[in-house]
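Report on one structure; see the data block that follows.
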Amino acid sequence: MNAPAIPALKAKDYKSDLKPIWCPGCGDFAVLSAVTKALAYLQLAREQVAMVSGIGCSSRLPAYVDSFGFHGVHGRALAVASGLKAARPDLTVLVAGGDGDGFSIGGNHFLHACRRNMDLTYIVMDNEVYGMTKGQASPTTQPDWIHGKLTPRGTGVRRFQPPAIALAAGASFIARGFAGDPSGLTRLLVEAIQHPGFAFVHVLSPCQTFRPEQKEWKQRVHACRMGTTDNAAEAARLIQADDGMALGLLYAERLPVWQPPNQVSAGLSEIEEEFRV
Ligand SMILES: Cc1ncc(C[n+]2csc(CCOP(=O)(O)OP(=O)(O)O)c2C)c(N)n1
Ligand code: SF4
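So the sequence shown is numbered by numbering that gives the first Met the number 0: it starts at 0 and just counts up by one.
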């Protein structure tokens, strides 16, 4: 007699019981939907998935996914996720957050996660603003963006270029998605999760409340014309010419994945002994 077939998991099975509290129209809803669709496409067991985030509107995402999750500390999502992956290489570890979380306070961790190339998928929902704390400029904000008393004359500072910086820091997978293109984003997330190594997915995710002008992104995004390359020098040339609105896989290369050897953890007393002065 055949064993009863296990019913396939659907995207809704990966959604938690919590109702998102994002503003109506926030791009992060579409990112959540794409994450659950990608997990369903890959049929990953929920107990084999862990989502880690920092702090921000976008960093609420793990709470809405029915997997293991850790809503951590502002800017430290990648540090926590790297520790988790080191201890539990069997888990599929997804990391999520905003441009403030990942490129400002967490910028240092971003650089080193790229070059370390652990098998993590990092999803940054870039809305070019600090949404949760009411609209301060972030590293990806345009220098002339004026916002009330916070930046009455703009920042006057050049923008952080996420794909170019990821490439220079050694990331092995770089893609850009858009909340307004959920099918394309789902495909990119599937590829990112399957990629062995650090996969960076830069997602244009509009902030309805503080950047209503981002509605225009629908008209400005375009399919990546540059063609995916696995040659870092060629990718650098192409990414330098990127207008920030090109969607698709920008670069993917098989590079050595870093994973510390599985060690039997030392007892606390042994560790104390090592640090005794
Ligand atoms: C150490 C620390 N510094 C500052 C804050 C305040 N804070 C919370 S969220 C946030 C910025 C969030 O912006 P972003 O990461 O872009 O996410 P968004 O809310 O736009 O999704 C800041 C500055 C904090 N929680 N902890
Ligand atoms: S403030 Fe912006 S980023 Fe935060 S939930 Fe509202 S629309 Fe989304």
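Glycine included, C-beta positions come from ideal geometry on N, C-alpha and C.
- The segment 173-186 makes no contact with the segment 91-98: fewer than 3 CB pairs, one atom from each, lie closer than 8 Å.
- Rounded to the nearest angstrom, the gap between the Cα atoms of Ala-44 and Val-189 is 15 Å.
- In this structure, the alpha-carbon of Ala-112 lies about 11 Å from that of Val-256.
- Between Ser-171 and Phe-197, the beta carbon gap of about 6 Å places them in contact (Cβ cut-off 8 Å).
- The continuous beta strand (DSSP E) containing Thr-120 extends over residues 119-125.
- Annotated as proximal: Phe-159 and Asp-98, with beta-carbon spacing under 9 Å.
- Relative to ligand 2, the nearest heavy atom lies less than 8 Å away from the CB of Ser-57.
- In terms of side-chain proximity, the C-beta atom of Asp-27 is found nearer than 8 Å to a non-hydrogen atom of ligand 2.
- According to DSSP, Leu-38 shares a beta bridge with no other residue.
- Residue pairing for Leu-93: DSSP places it in a beta bridge opposite Met-50, Thr-120.
- For His-70, the closest C-alpha among the options Val-64, Ser-81, Ser-58 is that of Ser-58.
- For Lys-214, the number of other beta carbons within 10 angstroms of its own is below 16, and it is reported as exposed.
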